[in-house]
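Under my numbering, the final residue of the sequence shown carries the number 743; numbering is consecutive throughout. The beta carbon of each residue, even a glycine, is placed where N, CA and C say it ideally should be.
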Amino acid sequence: MRSETLLSALRQSGFENLTFDTPWSARLFGMTLAASKKELFTLQQFQAALIERIDKVEKIGCISTEEEYYTCWLEALQGLLEGKNLWQANQLAKRETEVVKAGEHRQELQRQTKHQVQPEIVK
């Protein structure tokens, strides 16, 4: 079955009304559908990757939370994208470092600005 057919079936099943425990799991779901729609992979390929990842994790222990399930989802998506040379783990690590440093810099600027502001004297 083609990805478009599967997406259509998802729409008809009311997937727009899905709820997620966390914003990141909702974004991950959307990213997966968008990547499939752009034909980076088929939903069948993703499904197979997700099943494979869940099987590996469940050999160690049961998946008991939505966070654990979507962590498997993320790892399956990463594996597919890495396999097609569309994403590399070292790029993510580099980007994460940049984001953290930018956040730390922004916080430092906010602290400095806060200390430099002189209160107004009300007459």
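Note down, in chain order, each residue of its chain lying with its Cβ closer than 6 Å to the Cβ of residue i, except the 5 sequence neighbours on either side.
| i | result |
| --- | --- |
| LEU701 | TRP707 |
Where does residue i fall in DSSP's three states?
| i | result |
| --- | --- |
| GLY681 | coil |
| LYS661 | Sequence check: residue 661 is Phe here, not Lys. Three-state result, PHE661: coil. |
| PHE640 | coil |
| GLN727 | helix |
| TRP693 | helix |
| LEU653 | helix |
| ASN710 | helix |
| LYS721 | helix |
| LYS704 | coil |
Quick one: residues in its chain with C-beta nearer than 7 Å to the C-beta of residue i, no 5 flanking neighbours on either side, listed in chain order?
| i | result |
| --- | --- |
| TYR689 | ILE683 |
Assuming residue i contacts residue j under a Cβ cut-off of 8 Å, what Cβ separation, rounded to an integer in Å, is found between them?
| i | j | result |
| --- | --- | --- |
| PHE649 | PHE661 | Contact flag wrong, Cβ pair sits at about 15 Å. |
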